[in-house]
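Colleague: Would you mind keeping the following structure in view while I ask a few things?
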Amino acid sequence: MAISPLPVPAQLIVPLAQHIGSPATPVVAAGDTVRMGQRIGEPSGFVSVPIHSPVSGTISGIEKRPGPLGSPITCVIIDNDDNDTPETLPPIPDPKAASAADIRSRIRDCGIAGLGGATFPTHIKLSPPANKPIDTVILNGAECEPCLTADHRMLLEHAAEIVSGLQIFLRVTGARCGIIGIEENKPDAIRLFEERCNKTDIRIVPLQVKYPQGGEKQLISAVLRRTVPSGGLPMDVGVVVQNVGTALAVHHAVVCGKPLYERVVTVTGSAVPNPGNFLVRIGTPVHLLLAHCGANGTDIRKLIIGGPMMGFAQYTDDIPVVRGTSGVLAVGAEESALCTTLPCIRCGRCVAVCPMRLVPSEIGVCCDRRLFDHSGTRDALDCMECGCCAFACPSRIPLVQKIRLVKSEVLAARRKERR
Amino acid sequence: MLEAIFVLSGVGLLMGILLAIGKKLFTVEVNPVFDRLMEILPGANCGGCGFPGCSGYANALAEGTATPDACPPGGPALIQDIGSVLGVEVTTREREVALVRCAGGSGQATDRSHYIGIDECRAAHAVAGGSKSCIHGCLGMGSCIDACPFEAIVRTSNGLVRVLPESCTGCRKCVDICPRHLISMVPGNESVHVLCINPDKARDVKAVCEVGCTGCRLCAKQSPRLTIEGALASVSTETRDSIPPAVALSCPQGAIYDARVYSLHKWLEDPKTRTDFNSRSAEWKAADKAARKRSKTTAEEAATTGSKEARASSGETVSRSTDTDKIQ
Chain A
83 MAISPLPVPA QLIVPLAQHI GSPATPVVAA GDTVRMGQRI GEPSGFVSVP IHSPVSGTIS
143 GIEKRPGPLG SPITCVIIDN DDNDTPETLP PIPDPKAASA ADIRSRIRDC GIAGLGGATF
203 PTHIKLSPPA NKPIDTVILN GAECEPCLTA DHRMLLEHAA EIVSGLQIFL RVTGARCGII
263 GIEENKPDAI RLFEERCNKT DIRIVPLQVK YPQGGEKQLI SAVLRRTVPS GGLPMDVGVV
323 VQNVGTALAV HHAVVCGKPL YERVVTVTGS AVPNPGNFLV RIGTPVHLLL AHCGANGTDI
383 RKLIIGGPMM GFAQYTDDIP VVRGTSGVLA VGAEESALCT TLPCIRCGRC VAVCPMRLVP
443 SEIGVCCDRR LFDHSGTRDA LDCMECGCCA FACPSRIPLV QKIRLVKSEV LAARRKERR
Chain B
45 MLEAIFVLSG VGLLMGILLA IGKKLFTVEV NPVFDRLMEI LPGANCGGCG FPGCSGYANA
105 LAEGTATPDA CPPGGPALIQ DIGSVLGVEV TTREREVALV RCAGGSGQAT DRSHYIGIDE
165 CRAAHAVAGG SKSCIHGCLG MGSCIDACPF EAIVRTSNGL VRVLPESCTG CRKCVDICPR
225 HLISMVPGNE SVHVLCINPD KARDVKAVCE VGCTGCRLCA KQSPRLTIEG ALASVSTETR
285 DSIPPAVALS CPQGAIYDAR VYSLHKWLED PKTRTDFNSR SAEWKAADKA ARKRSKTTAE
345 EAATTGSKEA RASSGETVSR STDTDKIQ
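Residue numbers (our numbering), protein chains in the order written: chain A, 83 to 501; chain B, 45 to 372.
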């Protein structure tokens, strides 16, 4: 399913909080005219990135709208004038000649945040402290979740740009080795990149097809056999992991000076007659995306933003596509049947499937009994909420939700202790 | 037989002596004040004082690092007792009780989604803000009920929770646990409360709840103790003047609760109370309107007569001046 551009809607809803960290502060007011790629939100701290207008047009207002995480978020509403008058930053045609600091500030100015779904600001990932040198950059070409095919299509259609993006990462971090990890079920992508990279210092590593192969720590372990310590970050073992989508966006930001205002979104699910991958402007309402794919509102019983394992179920389709929207999943009645939770039978399936080697059932019991300081919750913070335990559970226990509650309580207790 | 008696009593004697020596050797000096304090403290270990349990508080009191008025469950009587044990003068402080500031039950507030998951407010709140349309409203799953050590919070029949003021000791455990920050401490003898914390504009509040505060300022006009911040009314505790019952009756949303008129139980759960309140409110509003009309007409009359008088007096001066002219 090749990536096709989605028609740009007449009105876009651009949230100011699209990344992990503090939300951007609006720098436009109702009635202002903006150009495509113009800054409409300034970063409000170190862990923050600017927001750019995805179209040219007029600002019709700044108001609270439902966001993809449930609670209402401040959004800039832009009326499209259909001209797409662009505003780009000066391009850096030869990133190898530019300084690392320049490239880093460019990546920040273009608002790049991890496009795999976590939306962590990329410039921070690329500025590790001096005592943690980076020797390897891994590009994540394993699809983050089942059902999504956006990364695969990007690999096939934008190979040159992705390699260029990886080279920019290598330049900024000073790493010598670049690796692209691609799952074995994408032989066309593996072949393409092997041909393209055989004379460079970039290696292609075919990966076993399994979920969550795209998790940072799992990818590092599969590619390099290095283990990230509990509570640590990939930089502790000298690695930076980036999504292929982020590499593509970084190439566009640095070489072409184009800010991040569009992304590739997979639309699929049993209630979508014509699924596909679309290049969507940030701020496009999800219902338009679904209508474009022929999905009928009455057939959709459950709407999930993200993938089937880690995505968030929505109560409305009147939410915008944001930087972290990797997929839109609309499923019908059959797949969204409600089930009742039964008691734990101690079968141990959750323990067997946990990629972080935790004991989800025990953390769940600690949650039920409100024993948040029990030794069973010790490693709960290592959980990345991949959803394997809840998926494997024959009693349909919402284990991820329990672990999330334990995590928030453990973190709250730590904050209290520090005070 | 005799041997056995001697041996056993010998062993007993030996053990007794050993125990006596052990007690002398390993005895731990305990502040006698600590023991007496432990006897009078409630022993609920609620942590409302900020110390780890009652023994922690007693210890701090005995060492002089805590004030006698820190135990909320004990109330004024306990403060007096602690004062007499420590031999210090004490001042009692006003009793505070917890209040859940939401009256939007299943009949009044709308739901936007169906929540399936663990029965715990904090977890439900973390999943996209819960199932209620109002993201400030009570989720009613009872995290506060689990947290309350005194069983002072109960579920209502319409999916809310309420605090029993007579059982509440003011330990604040529920205040900390509520993910919506809905529970706050209010003076125990206060009777008028705004049961809403939604600060949104009137249009947004009306869209999600029938009994939410819209910030219309009608109550603030009636009593200076009700203050409006943004689009939300609240009862200020700076002064403690009595608030007239008309304040609650005048609220077009019925978001103000007056304990002198209805019990909290009836106000939240009995639909008859709402109908009764609405008719009383309508009656009061009609009477108020009539009174205003009357006062307006009297004011107008006064204004018209006043102007006549003024005209008359000015005419008088004119005539007087002409008189003086004549004299000149």
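Glycine is no exception: its CB is placed at the ideal position from the N, C-alpha and C atoms. Nothing here was measured: the structure is a model prediction, and the numbers come from that model.
(1) Between which two residues does the beta strand (DSSP E) holding residue 285 of chain B run?
(2) For residue 164 of chain B, would you say it is in contact with chain C, using Cβ-to-Cβ distances shorter than 8 Å as the test?
(3) Could you please tell me which residues of the region 146–157 of chain B, in chain order, have their CB closer than 7 Å to any CB of chain A?
(4) Whether or not the region 212–223 of chain B and the region 236–245 of chain B are in contact is what I'm after, with contact meaning three or more pairs of Cβ atoms, one per stretch, closer than 8 Å; do they touch?
(5) Expressed to the nearest angstrom, what Euclidean distance is found between the alpha-carbon atoms of residue 164 of chain A and residue 137 of chain A?
(6) Identify every run of the alpha helix (DSSP H) within the region 280–351 of chain B, keeping only runs that are complete inside it and at least 4 residues long; order them along the chain.
(7) Across which residues does DSSP place residue 278 of chain B in a beta bridge pair?
(8) For residue 395 of chain A, name the three-state secondary structure that DSSP assigns.
(9) Is the beta carbon of residue 122 of chain B sitting closer than 8 Å to the one on residue 77 of chain B?
(10) Please report whether the beta-carbon of residue 97 of chain B lies at a distance below 8 Å from any beta-carbon of chain A.
(11) Is residue 166 of chain B buried or exposed, if buried means 16 or more other CB atoms sit within 10 Å of its CB?
(12) Spatial neighbours of residue 358 of chain B within its chain, please: C-beta separation below 7 Å, excluding the five flanking residues on both sides.
(13) Determine, for residue 394 of chain A, whether the minimum Cβ-Cβ distance to residues of chain B falls below 8 Å.
(14) How about residue 397 of chain A: is its C-beta nearer than 8 Å to some C-beta of chain B?
(15) On the criterion of 16 or more Cβ atoms from any shown chain inside 10 Å, does residue 356 of chain B qualify as buried, or is it exposed?
(16) Does any residue of chain B have a CB that is nearer than 8 Å to the CB of residue 274 of chain A?
(17) As a quick exercise: from B:280, B:160, B:279, pick the residue whose alpha carbon is nearest that of residue 420 of chain A.
(18) I'd like the ranges of any alpha helix (DSSP H) spanning at least 4 consecutive residues and lying wholly in the region 370–441 of chain A.
(19) Whose C-alpha, out of B:101, B:180, B:300, B:174, is nearest the C-alpha of residue 225 of chain B?
(20) Might you give, ordered along the chain, the residues of its own chain that have their beta carbon closer than 6 Å to the beta carbon of residue 138 of chain B, omitting 5 neighbours on each side?
(21) Apply the 10 Å Cβ neighbour rule to residue 158 of chain B and answer buried if 16 or more other Cβ atoms are within range, or exposed otherwise.
(22) Can you tell me the Cβ-Cβ gap for residue 274 of chain B and residue 243 of chain B, rounded? I've got them flagged as a contact below 8 Å.
(23) When we look at the beta-carbon of residue 59 of chain B and count the other beta-carbons within 10 Å, is it buried (16 or more) or exposed?
(24) Tell me where the alpha helix (DSSP H) around residue 243 of chain A begins and ends.
(25) Identify which residue in A:408, A:382, A:301 has its Cα closest to the Cα of residue 392 of chain A.
(26) Roughly how many whole angstroms lie between the Cα atoms of residue 499 of chain A and residue 492 of chain A?
(27) Using the beta-carbon count (16 or more within 10 Å), is residue 291 of chain A buried or exposed?
(28) Rounded to whole angstroms, what's the CA-CA distance from residue 291 of chain B to residue 318 of chain B? Just pull it up for me.
(29) Determine whether the Cβ of residue 251 of chain B lies closer than 8 Å to any Cβ atom of chain A.
(30) What residues of chain A sit near residue 161 of chain B, judged by a beta carbon separation below 8 Å?
(31) Expressed to the nearest angstrom, what Euclidean distance is found between the alpha-carbon atoms of residue 221 of chain A and residue 89 of chain B?
(32) Is the shortest distance between the beta-carbon of residue 173 of chain B and the beta-carbons of chain A less than 8 Å?
(33) Between residue 112 of chain B and residue 295 of chain B, what straight-line distance do the alpha-carbon atoms span, to the nearest angstrom?
(34) Counting only the same chain and skipping the five closest in sequence on each side, list residues whose C-beta sits under 7 Å from that of residue 272 of chain B.
(35) Name, in chain order, the residues that DSSP records as bridge partners for residue 207 of chain B.
(36) If you reduce the DSSP assignment to three classes, tell me which class residue 484 of chain A lands in.
Modeller: So, to answer that:
(1) Run containing residue 285 of chain B: none; DSSP gives neither H nor E here.
(2) This model lacks chain C altogether; the protein chains it does include are A and B.
(3) Going along the region 146–157 of chain B in chain order, one finds 156, 157 with a Cβ nearer than 7 Å to chain A.
(4) Contact between the region 236–245 of chain B and the region 212–223 of chain B is absent, because fewer than three Cβ pairs lie under 8 Å.
(5) Cα-Cα distance, rounded: 8 Å.
(6) The region 280–351 of chain B contains these whole alpha helix (DSSP H) runs: 290–294, 308–313.
(7) Residue 278 of chain B is bridged to B:271.
(8) Secondary structure of residue 395 of chain A (DSSP, three-state): strand.
(9) For the pair residue 122 of chain B and residue 77 of chain B, the CB atoms are not nearer than the 8 Å cut-off.
(10) Closer than 8 Å: no.
(11) Around the beta carbon of residue 166 of chain B, 16 or more other beta carbons lie within 10 angstroms, which makes this residue buried.
(12) Any reading at residue 358 of chain B needs caution, since the residue's pLDDT is 44, under 50, leaving its predicted position unreliable; the model's value is listed next. There are no such residues.
(13) Yes, residue 394 of chain A counts as interfacial toward chain B.
(14) Closer than 8 Å: yes.
(15) Residue confidence for residue 356 of chain B is low, a pLDDT of 46 falling below 50, so the modelled location carries little weight and cannot support an answer.
(16) False, the Cβ-Cβ gap to chain B never drops below 8 Å.
(17) When C-alpha distances from residue 420 of chain A are compared across B:280, B:160, B:279, the shortest belongs to B:160.
(18) As summarised for the region 370–441 of chain A, the continuous alpha helix (DSSP H) elements at least 4 residues long and confined to that stretch are 431–435, given in chain order.
(19) The option with the nearest alpha carbon to residue 225 of chain B is B:180.
(20) So the list reads 231, once near-sequence residues are dropped.
(21) Exposed, by the Cβ-count rule.
(22) Contact holds; Cβ gap of about 5 Å.
(23) Residue 59 of chain B counts as exposed, since fewer than 16 other C-beta atoms from the protein chains shown sit within 10 angstroms of its C-beta.
(24) Residues 241–255.
(25) Among A:408, A:382, A:301, the Cα nearest to that of residue 392 of chain A belongs to A:408.
(26) Cα to Cα, the separation comes out at about 11 Å.
(27) A residue is called buried when at least 16 other Cβ atoms come within 10 angstroms of its Cβ; residue 291 of chain A does not meet this threshold and is exposed.
(28) Each residue's CA atom was taken as its position, placing residue 291 of chain B and residue 318 of chain B some 16 Å apart.
(29) False, the Cβ-Cβ gap to chain A never drops below 8 Å.
(30) Result: 480, 483.
(31) Going by the C-alpha atoms only, they are around 54 Å apart.
(32) Cβ-Cβ to chain A under 8 Å: yes for residue 173 of chain B.
(33) When rounded, the distance between both Cα atoms is 41 Å.
(34) Excluding residues within five positions, the ones whose Cβ falls inside 7 Å are 259, 261, 264.
(35) Answer by DSSP bridge pairing, in chain order: B:197.
(36) Here residue 484 of chain A carries a helix assignment [DSSP, helix/strand/coil].
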